[in-house]
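Notes for the one structure printed next.
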Amino acid sequence: MSDTTEITIAGCRTVLRQAGNGPPLLFLHAEHGGGWPPLLQSLAQRCTVIAPDLPGFGGSETPDWLDNIHDLALFTLELLEALDLRNVTLVGSALGGWVAAEAALRDRSRLARLALLNPMGIQVKGLNAADPFLATPEETVAANFHNAPQPTDEADLDTQLKNRHAFARMAWAPRLHDPHLLKWLHRLRLPTLILSGAADRVVPPANGAAFAAAIPGARHLVLPACAHLAELDAPEAVLAALQTFIAEPTP
Amino acid sequence: MRFFFFHLMPYAALDPDYDQTHKSAWVTLPNSYYDPEIGADLYNRYLDELEYAAELGFEGIGVNEHHQNAYGLMPCPNVFAGMLARRIPKTTKIAILGRALPVLSNPLSVAEEFAVLDNVTRGRIITGFVRGIGAEYHSLAVNPTESHARFHEAHDLIVQSWTRDGPFAFEGKYYNFPYVNLWPRVYQKPHPPIWIPSQGSSETIAFAAHPDRRYVYLQTATPAVLLFRYMQAYRDEALRMGYQASPDQLGWSVKIHVGETDEIARREAKPHVEAFANKFLRMPPEMLLPPGYTSIASMKRIQEAKKTITGGARTMEQMIEQGTFICGSPQTVIDQLADYQRRGGFNIVMAGLHYGTLPAELTRKNMELFAREVMPALRDATAPANIAAAAAE
Chain A
890 MSDTTEITIA
900 GCRTVLRQAG
910 NGPPLLFLHA
920 EHGGGWPPLL
930 QSLAQRCTVI
940 APDLPGFGGS
950 ETPDWLDNIH
960 DLALFTLELL
970 EALDLRNVTL
980 VGSALGGWVA
990 AEAALRDRSR
1000 LARLALLNPM
1010 GIQVKGLNAA
1020 DPFLATPEET
1030 VAANFHNAPQ
1040 PTDEADLDTQ
1050 LKNRHAFARM
1060 AWAPRLHDPH
1070 LLKWLHRLRL
1080 PTLILSGAAD
1090 RVVPPANGAA
1100 FAAAIPGARH
1110 LVLPACAHLA
1120 ELDAPEAVLA
1130 ALQTFIAEPT
1140 P
Chain B
75 MRFFFFHLMP
85 YAALDPDYDQ
95 THKSAWVTLP
105 NSYYDPEIGA
115 DLYNRYLDEL
125 EYAAELGFEG
135 IGVNEHHQNA
145 YGLMPCPNVF
155 AGMLARRIPK
165 TTKIAILGRA
175 LPVLSNPLSV
185 AEEFAVLDNV
195 TRGRIITGFV
205 RGIGAEYHSL
215 AVNPTESHAR
225 FHEAHDLIVQ
235 SWTRDGPFAF
245 EGKYYNFPYV
255 NLWPRVYQKP
265 HPPIWIPSQG
275 SSETIAFAAH
285 PDRRYVYLQT
295 ATPAVLLFRY
305 MQAYRDEALR
315 MGYQASPDQL
325 GWSVKIHVGE
335 TDEIARREAK
345 PHVEAFANKF
355 LRMPPEMLLP
365 PGYTSIASMK
375 RIQEAKKTIT
385 GGARTMEQMI
395 EQGTFICGSP
405 QTVIDQLADY
415 QRRGGFNIVM
425 AGLHYGTLPA
435 ELTRKNMELF
445 AREVMPALRD
455 ATAPANIAAA
465 AAE
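Listed below in structure tokens is the structure:
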């Protein structure tokens, strides 16, 4: 299991979970909130896995400065500096994938590679994707999981409401994207892997394809039998893809 | 007691079976359900009803704002106020309750529209500032987690634009204007009255009651027992801030139906008020309560109580019992309103005499009976001095 500590970043008391040895891997959770899913435990066998609760989520504070996705991106860069991590594999799921891309665009000096699971952040017009803000709880489970539906987290109601609030604050409008992200993705000169769940209705695979197409050299892998929360829905497939990606030499 | 007539302008021709295929009459109900020929008739009929209310001697007539729904067809209340402004007697006020400030992109243009109406009517408008209901944040794609902050900033901008000499700079977080310089200036001094319609949030009550503002607090759609509590909360807040609130600072917006007898009134009202509650107001919690619209604490209370405010069919009898609907003979309605005033301590009644699918002839009859039989009997009724004791009953 992971060790849980706290660190203060830009005045925000932040919960960090950490386990394992080896090169650093920073995992940015999806909009349903942080935790220590089995995927991270598996990754910790070869990497030092660090997983913060992003500001506004879970056990971390909601700072006054938390207004938009750019605040989380700059938070991420400040966290990398505070922990003095180098050669980092940055992995983000869904909302966390969006944060990771925004952070890497601003400063990739501490990053070795970028892996994004069903990342939000760009809009492909006409996809008619599912709206997570109008979905009923049952529809949310159906959108998040292709395999046996499971609770998105064990968190109590307070934390779920807190996470949902932070998610809305980041992603309500423009819905799940930043119109100024796509046009600069070509600057992301970093080995990049985009994973899409074939059954993701929130961020359909066409979205992941467009994301990868905008980044020079990025690869796009579609995982069958996987919906929106890939790290929970298809952990083995995600683990295999990430391990292969991490094992590749970087330029 | 002071009486205003209030209209919601629902799309009364809505196919009542829409709910077999759609969750709500809001946001995502396909607008193919709207027939412009029927809608044109309804709009003109509803405007006639508002004009008729002015003729019948109401102190004022009220319009409001909702977006992309069948429940209320007034996305632009100032347009409706404009259509009415020169058609009604020069003594009747127009209450615009309200403009949903956070969901509008430019509150300075709201200040301008109100200022124009204030000039044209020579000071007969009452303005309303609201946040809009949760569904509005879906319909207009405005971030609900910014709702409170935008509301307060837009309020400050509008009031300053009405009261400070321009040009001046307004330097807010959401609204930032190098030149605030309203042409026209407002007609009323220091500015048009501001009313705050609300479902009873404690932050809103404290905001309205603040001694710098003393805005009329208008309670909407609430069971009587909560009405009394919220009215008392306003008076308590005023006292805490060092003054005694007047009953003219408190109002109640309530649907009312008057018939010749209790039995006739109930028979006339039943299908139409139940359509209002069960068809037009129908909304799942995700639509009604987007994240951030209310505090996490209130959101939690609602979720834990598993209350779907709009879920579960409600009967007219339940609504009458709860006090969200007043229905009966003139004497029954007089007694009920007098009792609510005695315990609620409000002077203003915003009477919703059209609701749901109530047809034109019954709406007119309701308005006439109310204006001729109920209003005169209560015109001199005032809230008791020892309101706290009455409210506690």
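Protein chains in written order, with the numbering used here: chain A, 890 to 1140; chain B, 75 to 467. The C-beta atom is built at its ideal place from N, Cα and C for all residues, glycine as well. Since this is a predicted model, take the numbers as computed values, not measurements.
Kindly indicate which residue of the options has the alpha-carbon position closest to the one of residue i.
| i | options | result |
| --- | --- | --- |
| Asp413/B | Thr456/B, Leu427/B and Glu125/B | Thr456/B |
| Ile168/B | Ala114/B, Val153/B and Leu443/B | Val153/B |
| Ala860/A | Leu963/A, Arg975/A and Val1091/A | There is simply no residue 860/A to check, as chain A begins at 890 and stops at 1140 in what is shown. |
| Tyr291/B | Tyr108/B, Ala114/B, Gly172/B and Thr165/B | Gly172/B |
| Gly900/A | Leu968/A, Ser891/A and Val1127/A | Leu968/A |
| Lys263/B | Gly426/B, Gly131/B, Leu130/B and Ile200/B | Ile200/B |
| Thr294/B | Arg314/B, Ala319/B, Met315/B and Leu324/B | Leu324/B |
| His959/A | Thr1025/A, Trp1061/A, Val988/A and Leu1077/A | Val988/A |
| Pro433/B | Arg388/B, His346/B and Arg76/B | His346/B |
| Gly402/B | Arg438/B, Met373/B, Arg417/B and Val448/B | Val448/B |
| Glu1061/A | Glu1028/A, His1035/A and Asp1020/A | The sequence shown places Trp at residue 1061/A, not Glu. It is Asp1020/A whose Cα lies nearest to the Cα of Trp1061/A. |
| Leu214/B | Trp236/B, Ser179/B and His222/B | Ser179/B |
| Thr1048/A | Leu436/B, Lys374/B, Gln405/B and Glu395/B | Lys374/B |
| Asp953/A | His212/B, Ser327/B and Lys247/B | Lys247/B |
| Thr219/B | Gln392/B, Pro364/B, His96/B and Ile135/B | Pro364/B |
| Leu411/B | Leu300/B, Val328/B and Gln273/B | Val328/B |
Spatial neighbours of residue i within its chain, please: C-beta separation below 8 Å, excluding the five flanking residues on both sides.
| i | result |
| --- | --- |
| Glu483/B | The requested residue 483/B does not occur in the structure, where chain B is confined to residues 75 to 467. |
| Thr382/B | Caution is warranted here: a pLDDT of 44 is assigned to Thr382/B, below 50, making its placement in the model unreliable, and the coordinate value is therefore given only provisionally. Around Thr382/B: Pro358 and Pro359. |
List the residues of chain A whose Cβ lies closer than 8 Å to the Cβ of residue i, in chain order.
| i | result |
| --- | --- |
| Asn217/B | Ala1057, Arg1058, Trp1061 and Ala1062 |
| Gly386/B | In chain order: nothing, as chain A lies at least about 16 Å away. |
| Met305/B | By Cβ distance, chain A contributes nothing, its closest Cβ being about 30 Å from Met305/B, past 8 Å. |
| Gly366/B | His1054, Ala1057 and Arg1058 |
| Met373/B | Leu1050 |
| Ile135/B | Under the 8 Å cutoff, chain A gives no residues; its nearest Cβ is about 34 Å from Ile135/B. |
| Ile370/B | Asp1047, Leu1050, Lys1051 and His1054 |
Ignore the nearest five residues each way along the sequence and tell me which others in residue i's own chain have a CB closer than 7 Å to its CB.
| i | result |
| --- | --- |
| Ala349/B | Pro90, Gly430 and Thr431 |
| Thr384/B | In this prediction, Thr384/B has a pLDDT of 48, which is less than 50 and means its spatial position is unreliable; what the coordinates show is noted afterwards. Result list for Thr384/B: Leu355, Arg356, Met357 and Leu362, in chain order. |
| Pro321/B | Gly419, Phe420, Asn421, Thr456 and Ala457 |
| Arg1053/A | none |
| Tyr249/B | Pro181, Glu227, Ala228 and Leu231 |
| Glu1120/A | Pro926, Leu928, Ser982, Leu1006 and Val1127 |
| Ser98/B | Arg356, Met357, Pro358 and Met361 |
| Glu186/B | Leu256 |
Between residue i and the ligand FMN, is the CB less than 7 Å from at least one heavy atom?
| i | result |
| --- | --- |
| Gly134/B | Summarising the ligand content, the structure contains no ligands, and the ligand FMN is consequently not present. |
Which bits of chain B does residue i rub up against, with CB to CB less than 9 Å?
| i | result |
| --- | --- |
| Val960/A | Per the sequence shown, residue 960/A should be read as Asp rather than Val. In chain order: nothing, as chain B lies at least about 13 Å away. |
| Arg935/A | Ordered by position in chain B, no residue passes the 9 Å Cβ test against Arg935/A, which lies about 37 Å from the chain. |
Under 6 Å Cβ to Cβ from residue i, same chain only, skipping five residues before and after it: list those, please.
| i | result |
| --- | --- |
| Thr897/A | none |
| Ala189/B | Leu256, Pro258 and Val260 |
| Gly397/B | Pro297 and Ala298 |
| Ala283/B | Tyr308, Glu311 and Ala312 |
| Ala1096/A | For the sequence presented, residue 1096/A should be read as Asn rather than Ala. Cβ neighbours of Asn1096/A beyond the five flanking positions: Val1013. |
| Cys936/A | Gly909, Gly911, Pro912 and Leu914 |
| His331/B | Ala339, Ala343, Cys401 and Asn440 |
| Ala933/A | Ala908 and Gly909 |
| Thr893/A | Arg906 |
| Thr389/B | none |
Please compile the residues from chain B whose C-beta is within a distance smaller than 8 Å of the C-beta of residue i.
| i | result |
| --- | --- |
| Ala1024/A | Glu360 |
For residue i, list the residues DSSP reports as bridge partners.
| i | result |
| --- | --- |
| Leu1197/A | In the structure as shown, chain A starts at 890 and stops at 1140, and residue 1197/A therefore has no counterpart that could be examined. |
| Gln907/A | Asp892/A and Ile939/A |
| Ala425/B | Phe79/B and Val328/B |
| Ile162/B | According to DSSP, which records beta bridges pairwise, Ile162/B is partnered with nothing at all. |
| Gly1086/A | Leu1112/A |
| Glu245/B | Asn250/B |
| Ser272/B | Gln293/B |
Three CB pairs or more closer than 8 Å across the segment 81-88 of chain B and the segment 144-159 of chain B: Touching, yes, given that three or more Cβ pairs across the two stretches are closer than 8 Å.
Sufficient close CB pairs (3 or more, under 8 Å) joining the segment 155-165 of chain B to the segment 118-138 of chain B: The way I'd put it, the segment 155-165 of chain B does touch the segment 118-138 of chain B; three or more beta-carbon pairs between them come closer than 8 Å.
At least three beta-carbon pairs within less than 8 Å, the segment 197-205 of chain B to the segment 266-284 of chain B: Yes, since at least three Cβ pairs between the segment 197-205 of chain B and the segment 266-284 of chain B fall closer than 8 Å, the two stretches touch.
Validate contact between the segment 217-235 of chain B and the segment 192-200 of chain B using beta carbons, cut 8 Å, 3 pairs: Below 8 Å, too few C-beta pairs join the segment 217-235 of chain B and the segment 192-200 of chain B to call them touching: fewer than three.
Inter-stretch contact at 8 Å, needing at least 3 Cβ pairs: the segment 1077-1087 of chain A / the segment 1107-1127 of chain A: Contact annotation: the segment 1077-1087 of chain A touches the segment 1107-1127 of chain A, with at least three C-beta pairs closer than 8 Å.
At least three beta-carbon pairs within less than 8 Å, the segment 945-952 of chain A to the segment 919-931 of chain A: Contact holds: three or more Cβ-Cβ distances are below 8 Å.
Interfacial residues, the segment 193-222 of chain B to chain C, with Cβ spacing under 7 Å: Among the protein chains of the structure shown, namely A and B, there is no chain C.
At least three beta-carbon pairs within less than 8 Å, the segment 1009-1025 of chain A to the segment 1064-1080 of chain A: Contact annotation: the segment 1009-1025 of chain A touches the segment 1064-1080 of chain A, with at least three C-beta pairs closer than 8 Å.
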